[in-house]
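Engineer: Below: one structure in structure tokens.
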Amino acid sequence: MAVVILLFQYVMNYEIGPLPLIESMMDVTLFGDGWSDIMLPISLMLLITVLYMGIGINLGERDRR
Numbered sequence: 002m003a004v005v006i007l008l009f010q011y012v013m014n015y016e017i018g019p020l021p022l023i024e025s026m027m028d029v030t031l032f033g034d035g036w037s038d039i040m041l042p043i044s045l046m047l048l049i050t051v052l053y054m055g056i057g058i059n060l061g062e063r064d065r066r
């Protein structure tokens, strides 16, 4: 559990919220960056999305006793 918390803390300290995705779009449009330059911000946002969707589906499908 501590590993998950440390990973979450690292991701949230990298950039908060949707900023990595917006930053990568701006880098592509303004500076002409390629896929290799924007892969880290996009992969972090994809990781956060998958984790939050899994948590949300798990909590939504949980039995209410």
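Residue numbering for the sequence shown follows our numbering, starting at 2 and increasing by one per position. Think of the CB as a built atom: it goes at the ideal place given N, C-alpha and C, for glycine as much as any other residue.
(1) Could you have a look at G33 and say whether DSSP puts it in helix, strand or coil?
(2) For the stretch 21-31 and the stretch 39-52, state whether three or more C-beta atom pairs, one from each stretch, are separated by less than 8 Å.
(3) Using 8 Å as the threshold, is the C-beta distance between I39 and V51 below it?
(4) Look up E24 in the DSSP assignment and say whether it is helix, strand or coil.
Structural biologist: Checking against the coordinates, here is how it stands:
(1) Taking the sequence shown and counting its residues from 1, the one referred to as residue 33 is at position 32. Residue state, collapsed to three classes: coil.
(2) yes
(3) Counting from one through the sequence shown, the residue named residue 39 turns up at place 38. Counting from one through the sequence shown, the residue named residue 51 turns up at place 50. Not in contact: I39 and V51 (Cβ atoms no closer than 8 Å).
(4) Counted from its first residue, the sequence shown places residue 24 at position 23. Three-state DSSP puts E24 in a helix.
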